[in-house]
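Shown next, in structure tokens, is the structure this report addresses.
Number of protein chains: 2
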Amino acid sequence: MASMTTLKGETFDRSLFESVLKRRFFFTEAFEIYRLSPNFKGDNRGLFDYGPPGCALSANLVDTWRKHFVLEENMLEVDCPVITPELVLKTSGHVDKFSDWMCKDPAKGDYLRADHLVRNVLESRVARGVNGPSKDSPKLSSDTVIEYKEILAKIDNYDGSGLAGLIKRLDIRNPNGNGEVLPPIPFNLMFKSTAGPNSAAPVYLRPETAQGQFLNFKKLLDYNQNQMPFASASIGKSYRNEIAPRSGLIRTREFLMAEIEHYVDPQKKEHSRFHEVTSVQLPLLDRESQLAGKTEPRIIAIGEAVKSEIIDNETLGYFLARIMLFLIKIGVDPTKVRFRQHLRNEMAHYACDCWDAELLTSYGWIECVGCADRSAYDLTVHSNYTGASLTVKEALPGGPVKLEEWQATLDKKLTGPRFKRDAKAVQDSLEALDQKTLHSLAIELEEKGVVTVVTRTALSTGESSVKLTKEFLTISKATRLQTTREYTPNVIEPSFGIGRIMYSLLEHVFWCRSQDSARAVLSLPIGVAPTKVLIVPLSAHVEFTPIVRNISARLRLLGISHNVDSSSASIGKRYARNDELGTPLGVTIDFDTVKNGSITLRERDSTRQIRASEDEILHAMKNIVGGTESWEQVCRRLPLFLGQGQDER
Amino acid sequence: MASMTTLKGETFDRSLFESVLKRRFFFTEAFEIYRLSPNFKGDNRGLFDYGPPGCALSANLVDTWRKHFVLEENMLEVDCPVITPELVLKTSGHVDKFSDWMCKDPAKGDYLRADHLVRNVLESRVARGVNGPSKDSPKLSSDTVIEYKEILAKIDNYDGSGLAGLIKRLDIRNPNGNGEVLPPIPFNLMFKSTAGPNSAAPVYLRPETAQGQFLNFKKLLDYNQNQMPFASASIGKSYRNEIAPRSGLIRTREFLMAEIEHYVDPQKKEHSRFHEVTSVQLPLLDRESQLAGKTEPRIIAIGEAVKSEIIDNETLGYFLARIMLFLIKIGVDPTKVRFRQHLRNEMAHYACDCWDAELLTSYGWIECVGCADRSAYDLTVHSNYTGASLTVKEALPGGPVKLEEWQATLDKKLTGPRFKRDAKAVQDSLEALDQKTLHSLAIELEEKGVVTVVTRTALSTGESSVKLTKEFLTISKATRLQTTREYTPNVIEPSFGIGRIMYSLLEHVFWCRSQDSARAVLSLPIGVAPTKVLIVPLSAHVEFTPIVRNISARLRLLGISHNVDSSSASIGKRYARNDELGTPLGVTIDFDTVKNGSITLRERDSTRQIRASEDEILHAMKNIVGGTESWEQVCRRLPLFLGQGQDER
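For the protein sequence lines, the chains are A and B, in the order given.
Per my numbering, residue 1 is the first one in the first sequence, and the count goes up by one each step.
Per my numbering, residue 1001 is the first one in the second sequence, and the count goes up by one each step.
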């Protein structure tokens, strides 16, 4: 695991960090008063409450995301239900394939995620230098250390039988009690329930927002006046019923996602705005480098990466660059970002390529944004199942062309009486056959006089195929004038885990003033900071009240979020509290304010203060929040203040 | 049911309205392509997708709500999980009491909500004038009509046995097939699932956001630096597993809520800002009026309503007035609002009083905002169960007082060995007893020499009480100096159903241009309209492209959401499309723009246009969106334009 240092180069202290976040109520384990109660036997892990600053920070991240992606490119934002009928997720592959490998320890009754079990045990063996659970286990040879490290580097590449093999061969046991575990079985990660009183209506909580967007593809294309390419987007909660959630906000059962589905012609993966981002530098760690055991990314301009085919196409490259720009905008430390390509066995069942934006945290590199090429997978499976058309029809660019094609024709007079209410299903099934199949059926029909055709839907007889003789069916070559081209779009999907991004960002901006490790600061950019301004009257003196109220009202009119702290703590203590909350600006009101109307403005990171009239300070705050002037620029034109509050340095 | 007219006094046409909303993709039934597929057997009712305009409108309503309530009063916004352990909702009463009465029709296999069944059948009998399902049923007497109408007016007041009595006495049957139904049974409205692989961890999807807020009360009070009163707020999805959802967006299984929990000293229900709202006029329909069969509210200033005790207290009154102001701000028709007090049996199990803001729609009066006084119910039950303190401690205003109190003292030397690990539970149980109980126990102990004390939590022996003799226990009067007052706050809860408000609002702002019923308009206020500005180039002429791009970039800088429609449809058609989307402003670029840089600005409701330079029009748009200038004011200072596009009137 890479070591974590703060912005100031000091070692990152997670327990100090967590105590600050807890004290300031950024977030907390949900249902805490129940968890602490002796009667509580349930499993409430992986669920978190966001307190006021966490909730505001999360909302600001979402807001920034919406401006950076949705508004900037006129994406079509939709909002679809979390509750999803089983059939939809059966078709998408999630009912069968969206699972983790799980081992049970029958002695302890523990359920363990198999890959985590292997990783934890091997990491522990490497760290302790022994090849077993106890101190007396045999020493690890240097060859075994190398072997274990190679396994760890590609742990995401093992499937169930691979993990079972490792567990058996390396005698991996439950660290809790050292019991043998049963072989891994798949555990589906979706929460299941039932809609309405009828138990025949199983539903799941969605594992991603994507499916709702795909099902609406035709309506979205229509809304977009049939213009391609375009993107839909969705922000909402998704759910994964993790086997054993740990690591705080990193692995939760309920989480906020922001997902983009960009629909593109598979033959035209260029992007019209790619030229705007070609020089953006990205730290890339591709598949080959990982299999060679490398963990350090190489930094390369995205234009170069696409040209040299490290990145498959411009559209994928464009989004990777835009993701990097977004992360920098919200305050992520660019030296703690890498883009890692998924290994083949690691990819979700729907993806044909995937790059993760990973952020370095005290838990190691954490996947925070996935950018997958889902090809035409989802639109195809939903269309096949429902019979709904999820395609794009475009006029052929070079004008109409003549096509010689195999065509299947049914004798309607015979098929009607024979198949009755299934006649249409038989007709539809023939129409859905591709040219290759028709060709081989034509040969078979010619040779045997009869062919079997699999139907797209079950027939009323319960059968799923029909036999058709030459009397009923003709398959012959015919000429057709093609005027349009029809295709199923490919989907490039940038998918953001807002909670993980927020947690990693908080680690990146956390540091302590060098004089005092108890003086923590969160250097959040003003755009995402929970509160922009703190107003501090020097004391509870009655003359300050109307001034505070007036400044507060003026800030509200400007749409600048702010807090008033009129508690009896010292000015320094009140600022220290707000440094921990990441509040970038502070306004002090003192007796000079009453005399001459001047107020001070303090900047969080430098603790420098300036003093000027209320109007001038408000104007400066408006500029800083709006991004039209920096703190440094304001300092150059307004006088520094070296009076009260300087004791805090 | 009251008849619905549009803003312009015409009869509201729901089918026309729905076709517009569907065509413009405000929302649609979710999973539609599956629902239309012959293989789909599930129940996906009560679930909706919001398309781009619906999603934007909903987001704007939430944004307006946050500014109007949360930011205006510095409420503490939190975000808590949807997934909730069973024990929390068992304690809150939802597992036992959050249900609807349901009848099964064994012949058809239908599940029917009992109150809806009674209402539908009686309404149908009254409308048809016959006392049974067929035309040949006996005619209704005028006495019976009166009786049925009285039942209908207080249908919400019947419990399960009341409904069973009506169904039997009035021979109410399933309208689908006329079969007899089984007596009503309670159907719990929460979706149930399991957390993790262990089936011993049952969870529910929350039916309201409130519980998460209550559980954090102590942390919130601490965050608020122990200042009372204060409010928390939460915006998020909640779930109700409706028996048979109907009525589109009015009754859904998944819905967005915005809830405020205002914590107040039960002895001080005054509100410091009540004076700001005393003159707000509210249409009130109180409990007594309803039981007398009245349906029309009376309009009364909130100051007067609190003074005359129609409304219980200032805090409740303050929020009712603020709710009214919010509804007007977002564009609800004030003549289609009423505030109805809940009947006794209608109230949720936690409420001691409740007023609903109801909006008149084509479905009748719909509850859109509930404003309940939950008293100390929730904080008390959670505190009792978990042992966590959910109270406020304040210094006594008049200084310390001496109290003579009953005190229970255990002989530690004896109780330790006797109760072992249960000793603390016994001690805690004694400490939790109130003065009245202690007094009677003291008498009993004196008389019988032994008392039985019920323990707060089950003991390790499985018992839930202990017998204590005089040897173990002393109960006597003692003097104590009380310096603080401790109390459980009461909670006033304004709770908003965003989807219902959105649907009702859309009905309120829908109308058609008198010349043409196919020319529909949604007169949404600019603050909530999905898109503020439409940019329309006269044609696809290449000279317009850089002008469009420039105006678009300038609007983006101003943070004004806009769309470009450069399709080949006529200007009139493009404006008509955007009238249906509720876009308030339109900008046209034509050949005069190329010549002299002037552009036109069109207002949706009046279709009037003005023409001026790009700078002047952008400045005007900024003012209108920001609320600093009205369209009428802009018209007075910039020249009207009577050129192209006037054909649309």
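Cβ atoms here follow ideal geometry from the backbone N, Cα and C, with glycine treated the same way.
Expected contact under 8 Å - CB spacing of residue i and residue j to nearest Å
i               : j               : result
L359 (chain A)  : K329 (chain A)  : Not a contact, Cβ separation roughly 14 Å.
R1273 (chain B) : L1284 (chain B) : R1273 (chain B) to L1284 (chain B), Cβ: 20 Å. No contact.
T479 (chain A)  : K402 (chain A)  : 6 Å
W65 (chain A)   : F326 (chain A)  : 7 Å
T607 (chain A)  : L534 (chain A)  : No, T607 (chain A) and L534 (chain A) are not in contact; Cβ-Cβ is about 13 Å, not under 8 Å.
V587 (chain A)  : I617 (chain A)  : 7 Å
I1526 (chain B) : V1625 (chain B) : 6 Å
V1332 (chain B) : P1494 (chain B) : Not a contact, Cβ separation roughly 15 Å.
Alpha carbon of residue i to alpha carbon of residue j, nearest angstrom
i               : j               : result
E1651 (chain B) : L1585 (chain B) : Residue numbering for chain B in the displayed model covers 1001 to 1649; residue 1651 (chain B) lies beyond these limits and cannot be assessed.
F255 (chain A)  : R1206 (chain B) : 15 Å
R1014 (chain B) : S1362 (chain B) : 7 Å
E276 (chain A)  : F1510 (chain B) : 43 Å
L638 (chain A)  : L1506 (chain B) : 50 Å
E486 (chain A)  : S375 (chain A)  : 16 Å
Q646 (chain A)  : S523 (chain A)  : Below a pLDDT of 50, predicted positions are generally treated as unreliable, and Q646 (chain A), at 44, falls in that range; the measurement from the model is reported next regardless. Rounded to whole angstroms, Q646 (chain A) to S523 (chain A) spans 19 Å at the Cα level.
F952 (chain B)  : E1123 (chain B) : One cannot answer for residue 952 (chain B) here, as it falls past the ends of chain B, which runs 1001 to 1649.
A1540 (chain B) : S1570 (chain B) : 11 Å
E1304 (chain B) : T1278 (chain B) : 8 Å
E1666 (chain B) : L1170 (chain B) : Outside the modelled stretch of chain B, which goes from 1001 to 1649, sits residue 1666 (chain B), for which no answer is possible.
T455 (chain A)  : S465 (chain A)  : 5 Å
F544 (chain A)  : Q1290 (chain B) : 50 Å
M1347 (chain B) : P1202 (chain B) : 27 Å
E1086 (chain B) : G1462 (chain B) : 21 Å
M1 (chain A)    : S161 (chain A)  : Low per-residue confidence applies at M1 (chain A): pLDDT is 43, beneath 50, and the placement is therefore not dependable, though the value from the model is reported in the following sentence. One C-alpha to the other measures close to 27 Å.
Q1633 (chain B) : H619 (chain A)  : 27 Å
G1179 (chain B) : K1108 (chain B) : 8 Å
E648 (chain A)  : T252 (chain A)  : Below a pLDDT of 50, predicted positions are generally treated as unreliable, and E648 (chain A), at 49, falls in that range; the measurement from the model is reported next regardless. Their backbone Cα atoms lie some 38 Å apart in a straight line.
Beta carbon of residue i nearer than 8 Å to that of residue j
i               : j               : result
G499 (chain A)  : L249 (chain A)  : yes
Q1407 (chain B) : S1476 (chain B) : yes
F641 (chain A)  : T600 (chain A)  : yes
D1265 (chain B) : P1489 (chain B) : yes
L1163 (chain B) : D1105 (chain B) : no
A1195 (chain B) : K41 (chain A)   : no
R611 (chain A)  : S598 (chain A)  : yes
K1237 (chain B) : V82 (chain A)   : yes
S1092 (chain B) : V1381 (chain B) : yes
A1258 (chain B) : F1017 (chain B) : no
N1174 (chain B) : D1110 (chain B) : yes
A30 (chain A)   : L57 (chain A)   : no
Q1227 (chain B) : E1261 (chain B) : no
beta-carbon residue i near the ligand ADP non-hydrogen atom, thresh 7 Å
i              : result
S630 (chain A) : This structure does not include the ligand ADP; it has no bound ligands of any sort.
Span of the alpha helix (DSSP H) around residue i
i               : result
Q1482 (chain B) : Careful: Q1482 (chain B) lies outside any alpha helix (DSSP H), inside the beta strand (DSSP E) at 1473 to 1482.
D96 (chain A)   : 94 to 97
A1305 (chain B) : 1302 to 1307
Terminal residues of the beta strand (DSSP E) in which residue i lies
i               : result
N1563 (chain B) : 1562 to 1564
S1598 (chain B) : 1598 to 1603
T588 (chain A)  : 585 to 589
C512 (chain A)  : 510 to 512
message = List, from N- to C-terminal side, the beta strand (DSSP E) runs of 3 residues or more that fit wholly inside the segment 416 to 456 of chain A.
response = 450 to 454
ask   = What residue ranges within the segment 325 to 382 of chain A form continuous beta strand (DSSP E) runs of no fewer than 3 residues, ordered along the chain?
value = 337 to 341, 353 to 361, 364 to 375
key: Complete runs of the alpha helix (DSSP H) confined to the segment 1017 to 1046 of chain B [at least 4 residues]   = 1032 to 1035
message = Extract the residue ranges of the beta strand (DSSP E) inside the segment 108 to 132 of chain A, only unbroken runs of 3 or more that lie entirely within it.
response = 110 to 113
Beta strand (DSSP E) runs wholly inside the segment 1192 to 1227 of chain B, at least 3 long, in chain order = 1192 to 1194, 1202 to 1205
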